Structures are given as structure tokens and as C-alpha cells.
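Enquirer: This is the structure I want to talk about, given as C-alpha cells.
Spelled out as C-alpha cells, the structure:
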């Protein structure tokens with residue numbers, strides 16, 4: 002059975018959801034929300050999105066797309082050029098290689114996985130940014146952003162799961 | 258049957274190799290970008306500007322409802338403490354009236370002395386006020402995006418200020434948006450003067466809220482509370498703009514608390530002092 006052009010367009014638009022949500026989390030993550038105890042997270046929110054989709058629907062978020070989102074983030078100033086791109090790719094590659102470990106597991110296991118991978122990525126980001134910046138940076142803001150990202154994972158993960166259920170049900 | 262199964266396995270492994278190859282290639286590209294970013298190439302700057310220009314309307318649109326919600330909340334809070342605020346403001350006004358008299362006298366005296374000295378007047382400054390639409394947080398970078406660019410008269414090297422003092426400098430400017438490098442970013446190094454001793458130093462960011470003072474002359478005796486202002490050295494700033502004050506000396510390095518309140522960075526004044534700063538293209542080159 003061949004699909005009509007509208008059905009094809011519809012599927013195509015639905016399949017864009019992971020990319021769109023990753024871009025959206027990049028933009029929201031860099032907005033000044035002026036909430037108490039909340040700092041813009043730079044690269045933290047798209048990191049959650051990349052991790053989630055790498056485990057759940059990697060086919061819809063291929064590596065070049067992750068690269069593109071990271072590059073846009075770096076160009077808009079979320080991280081030093083290349084650093085944000087590298088971190089997102091790293092999270093993507095590790096999550097993808099450990100996909101069998103996390104897929105279909107209870108939420109806490111997936112969260113724990115993110116905790117480990119993000120810790121590695123943020124530490125590497127701190128080292129690379131310090132090298133690029135030409136001096137040891139104060140690690141406190143990095144640690145704070147990491148903890149904040151970790152705390153936001155349940156809410157965002159839930160949001161992505163809902164999006165997956167409603168947009169990508171048929172696939 | 259056996260053959261078909263074998264070719265399927267071969268196809269799958271070829272796919273896996275292709276996938277791995279793509280990843281390696283992309284990792285390599287990310288490293289190349291990092292090195293390219295260090296070279297300050299004009300290509301990167303153009304790419305940055307176009308991304309920022311493209312994203313700023315989206316960011317602006319998203320920021321508006323947030324700003325109005327925040328304003329509503331603050332209005333409600335203000336309304337609650339109206340009486341106290343009124344009393345405070347009245348006291349403030351009385352105090353400021355006295356200062357105004359002093360300032361007028363000093364202005365007159367200053368004008369008279371300038372006249373006596375035949376001092377060359379400084380070129381007038383122009384400024385625009387712009388809303389902060391993106392804040393890159395503090396994990397690795399300290400920059401903000403604002404909604405004013407070349408079209409509005411912002412120039413590369415313009416000084417970004419709030420009512421409290423200097424916040425940073427415009428690092429890149431697009432048609433209708435600009436990126437401000439904050440004083441706390443690790444790439445920020447600006448010449449400053451210690452107001453009391455007139456010593457010169459460099460204020461260097463390290464990504465924390467409190468930048469440090471480097472290259473102080475020997476034998477200086479800084480104490481917590483000393484005010485730090487901009488220096489004319491390098492031609493990047495006019496002298497005397499307030500920046501912050503020393504709050505502590507850690508291992509012999511003075512730590513500066515900036516006057517700006519990082520949590521309330523909503524609007525920035527971008528001032529073009531028309532100085533031949535080090536950031537302007539062509540400056541420093543022999544014409």
C-alpha cells in the first residue's frame with residue numbers, strides 16, 4: 002500500500018520531533034528565565050534531549066543532526082566553539098553504545114545512566130574550556146550546572162516520553 | 258537461504274562500520290572546530306553573527322511572555338511594600354538633593370578648570386538600551402545576547418553597562434543583535450584602575466562571579482572595600498566607570514565583587530564612547 006502525499010508529509014513532520022525538541026531545549030536552556038535559584042544551563046538541556054533520543058529513537062536523531070545542534074549551540078555562545086558539539090556527540094555515542102543496557106529499564110536506571118555520562122561529559126567540558134580559555138576555570142559554575150541539569154532530567158524525560166507517545170505512536 | 262542470511266549480516270556490519278565512521282568523522286570535525294575557534298578567524302565570526310541574528314527574533318519572542326510574567330509578579334510585590342518604599346524614597350531624595358548641590362558645584366569648578374587648562378574635549382558618547390534575550394549561563398561561558406545591533410548603532414567594543422556599573426564589552430555585532438562578553442568570562446581581560454591608589458591592573462575573569470586583579474605593581478596595599486574603575490590604558494574604555502570593589506585577597510590575588518547584580522541582567526546600556534579601542538578592526542594596523 003502506498004501512502005498518500007499527506008500521510009508521508011505527516012510522518013515526515015512527526016519524525017522531526019526529536020530534532021525539534023532538541024533545538025527547543027537548546028534555545029530554552031539559553032534563555033534568561035530569571036527564576037530564583039535557576040541559572041541558564043547552556044548545553045545541559047540539549048544534553049538531556051540527546052541522551053533520551055539516543056536511547057529511545059536513535060534513528061530519528063542521527064549523529065550529523067546532533068553535530069548540527071551542537072554547532073548552532075556553540076555559535077550562539079552556549080559553549081566555546083567545538084566544545085559543546087563534542088560533548089553532545091560524546092553523550093550521544095556513549096548512550097547509543099550502551100543502549101541495550103538502558104532500553105526498557107526502570108526510570109531510575111536511565112536517570113543513573115544520565116548521571117554517569119553527564120558527569121563525564123561536563124568534566125571533559127570543563128577541561129576543554131579551560132584549555133581553550135587559557136587558564137583553569139572556576140569549577141563551581143560547571144558543578145552547579147551539572148546538578149541543575151541532573152535535577153531537571155525527570156521533568157524533561159517525562160516530557161519527551163509524552164511527546165514520543167503522542168507524536169511517534171505508530172512508528 | 259544460508260547465502261541470504263550471510264549477506265544480511267554483511268550488510269548490517271557494513272552499516273555499523275559506516276555509522277562508526279560517521280561518528281569518528283564528526284568527532285574529528287568537532288576537534289577541528291575547537292582549534293579553528295582559537296584562531297579568531299573572520300569566517301567563524303561571520304557564522305556566529307548569522308546564527309545569532311537568525312535566532313534573536315525567536316529568543317526575543319519567547320522572552321517577552323517571561324518578562325511580562327516576571328513584571329506582574331514584581332508589581333504585586335511592590336504594591337505590597339508601597340508604604341515602606343515611599344518612606345525610604347523620601348529619605349533617599351533628601352540625601353540626594355544634598356549630593357546634587359555638591360555635584361553642581363563640582364561641575365562648575367570642573368568646567369572652569371578645564372577652561373583654564375584648554376583641555377581637548379572628549380568625543381560625545383552615544384548609547385542604546387537593549388534587552389538581554391539569551392544568557393549562556395555559567396557552565397563554560399559567560400556571554401549574553403542582546404536585541405540591538407549595527408542597525409541601532411552598536412559597535413564592536415561598545416561598553417555594556419547597567420545602572421550599577423560596567424558588565425562587559427560587545428564582542429560580536431550582527432545586524433540587529435549583539436553578543437556581550439561579560440567581565441566574568443575567562444576570555445575577558447580589561448585594564449582597570451584602583452580608585453584610591455591610582456594603580457593600574459588587569460581585571461581577569463575566570464568564569465566565577467568574582468573576577469581577579471592581575472599584574473598589580475609591587476608593594477601595593479589593597480584592602481577589601483577598595484573601588485575598581487575602568488582605566489584609559491589601551492584606549493578601550495573611558496576612565497572612571499565603576500566596576501566593583503575588592504572583597505578579599507586570596508593567595509595574594511585580590512578578588513573583585515562586581516557592582517552588577519547578575520541575577521537581574523534584563524536590560525543593558527551599550528555605550529559607544531568612540532574610542533580607538535583594541536577590538537576595532539583596523540586599529541593597531543599601520544594605515
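Residue numbers (this note's numbering), protein chains in the order written: chain A, 2 to 172; chain B, 258 to 544.
For glycine and all other residues, C-beta sits at the position ideal for the given N, C-alpha and C.
What you are looking at is a predicted structure, and each value in this text was computed from that prediction instead of being measured.
Rounded to whole angstroms, what's the CA-CA distance from residue 97 of chain A to residue 118 of chain A? Just pull it up for me.
Expert: Looking up residue 97 of chain A in the first chain gives position 96. Looking up residue 118 of chain A in the first chain gives position 117. The alpha-carbon atoms of residue 97 of chain A and residue 118 of chain A are separated by roughly 11 Å.
Enquirer: At what residues does the alpha helix (DSSP H) containing residue 387 of chain B begin and finish?
Expert: Here residue 387 of chain B is taken as the residue at index 130 of the second chain, counted from 1. Looking at the DSSP string, residue 387 of chain B is not in any alpha helix (DSSP H); the run it does join, the beta strand (DSSP E), is 383-392.
Enquirer: For my contact list, residue 48 of chain A and residue 122 of chain A are in at a C-beta cut-off of 8 Å; report their separation, rounded to the angstrom.
Expert: The sequence position of residue 48 of chain A within the first chain is 47, counting from 1. The sequence position of residue 122 of chain A within the first chain is 121, counting from 1. The C-beta distance from residue 48 of chain A to residue 122 of chain A rounds to 7 Å, short enough to fall under 8 Å.
Enquirer: Considering only C-alpha positions, which residue in the set A/82, A/134, A/164 is nearest to residue 225 of chain B?
Expert: Examination of residue 225 of chain B is not possible in this model, given that chain B is present from 258 through 544 alone.
Enquirer: Under 8 Å, with one C-beta from each stretch per pair, do the stretch 510-529 of chain B and the stretch 374-389 of chain B reach the 3-pair mark?
Expert: yes
Enquirer: Exposed or buried, which one is residue 455 of chain B when buried takes at least 16 other CB atoms within 10 Å?
Expert: As a first step, residue 455 of chain B must be located in the second chain, where it is residue number 198. With fewer than 16 other Cβ atoms within 10 Å, it is exposed.
Enquirer: Helix, strand or coil: how does DSSP classify residue 451 of chain B here?
Expert: Start at 1 with the first residue of the second chain, and residue 451 of chain B comes out as number 194. If DSSP states are grouped into helix, strand and coil, residue 451 of chain B belongs with the strands.
Enquirer: What do you reckon, are the CB atoms on residue 161 of chain A and residue 50 of chain A nearer than 8 Å?
Expert: Taking the first chain and counting its residues from 1, the one referred to as residue 161 of chain A is at position 160. Taking the first chain and counting its residues from 1, the one referred to as residue 50 of chain A is at position 49. The answer is yes: Cβ separation under 8 Å.
Enquirer: Determine the extent of the alpha helix (DSSP H) in which residue 530 of chain B is found, giving its start and end residues.
Expert: The sequence position of residue 530 of chain B within the second chain is 273, counting from 1. Taken as a continuous stretch (DSSP letters only), residue 530 of chain B belongs to no alpha helix (DSSP H), as it is neither H nor E.
Enquirer: With DSSP as the reference, identify every bridge partner of residue 502 of chain B, one or two as the case may be.
Expert: Walking along the second chain from the start, residue 502 of chain B turns up at place 245. The partner list for residue 502 of chain B (beta bridge, DSSP) reads B/484, B/514.
Enquirer: Would you say residue 60 of chain A lies against chain B (beta-carbon separation less than 8 Å)?
Expert: By 1-based counting over the first chain, the position of residue 60 of chain A is 59. Not one chain B Cβ lies under 8 Å of residue 60 of chain A.
Enquirer: Go through the stretch 14-52 of chain A residue by residue and report every complete run of the alpha helix (DSSP H) that reaches 4 residues or more, in order.
Expert: 18-30
Enquirer: Just to confirm, are residue 398 of chain B and residue 45 of chain A a CB contact at a threshold of 8 Å?
Expert: If you number the second chain from 1, residue 398 of chain B lands on position 141. If you number the first chain from 1, residue 45 of chain A lands on position 44. Taking 8 Å as the Cβ cut-off, residue 398 of chain B and residue 45 of chain A do not qualify as a contacting pair.
Enquirer: Taking 8 Å as the CB-CB limit, is residue 463 of chain B close to chain A?
Expert: Locating residue 463 of chain B in the second chain gives position 206, counting from the first residue. The Cβ of residue 463 of chain B sits closer than 8 Å to at least one Cβ of chain A.
Enquirer: Measuring only the C-alpha atoms, how far is residue 114 of chain A from residue 26 of chain A?
Expert: Residue mapping note: residue 114 of chain A aligns to position 113 of the first chain, counting from 1. Residue mapping note: residue 26 of chain A aligns to position 25 of the first chain, counting from 1. Using only the alpha carbons, I get a separation of about 20 Å.
Enquirer: Can the beta-carbon of residue 443 of chain B be found less than 8 Å from the beta-carbon of residue 467 of chain B?
Expert: Taking the first residue of the second chain as position 1, residue 443 of chain B is located at position 186. Taking the first residue of the second chain as position 1, residue 467 of chain B is located at position 210. No, these two residues do not count as a Cβ contact at 8 Å.
Enquirer: Counting pairs of beta carbons, one from the stretch 5-15 of chain A and one from the stretch 361-369 of chain B, are three or more of them closer than 8 Å?
Expert: No, the stretch 5-15 of chain A does not touch the stretch 361-369 of chain B.
Enquirer: Which chain A residues sit within Cβ distance under 7 Å of residue 301 of chain B?
Expert: Start at 1 with the first residue of the second chain, and residue 301 of chain B comes out as number 44. Those are 82, listed as they occur along chain A.
Enquirer: What are the residues in the stretch 283-294 of chain B lying within 8 Å of chain A by C-beta distance?
Expert: 283, 284, 286, 287, 288, 289, 290, 291, 292, 293, 294
Enquirer: Quick one: list the residues of chain B neighbouring residue 94 of chain A, beta-carbon separation under 7 Å, in chain order.
Expert: Here the question's residue 94 of chain A lines up with position 93 in the first chain. Here the neighbours are 280.
Enquirer: Under 8 Å, Cβ to Cβ, is there at least one residue of chain A near residue 332 of chain B?
Expert: Your numbering for residue 332 of chain B matches position 75 in the second chain. So no, residue 332 of chain B is outside the interface.
Enquirer: Between residue 435 of chain B and chain A, is there a C-beta pair that is closer than 8 Å?
Expert: Sequence index remark: in the second chain, residue 435 of chain B carries index 178 (1-based). Closer than 8 Å: no.
Enquirer: Which same chain residues, not among the five before or five after residue 313 of chain B, have their C-beta less than 7 Å away from its C-beta?
Expert: The sequence position of residue 313 of chain B within the second chain is 56, counting from 1. 390, 402, 404, 433, 434, listed in sequence order.
Enquirer: Step through the CB atoms of chain A and report whether any lies within less than 8 Å of the CB of residue 449 of chain B.
Expert: As a working mapping, residue 449 of chain B is identified with position 192 in the second chain. The Cβ of residue 449 of chain B sits no closer than 8 Å to any Cβ of chain A.
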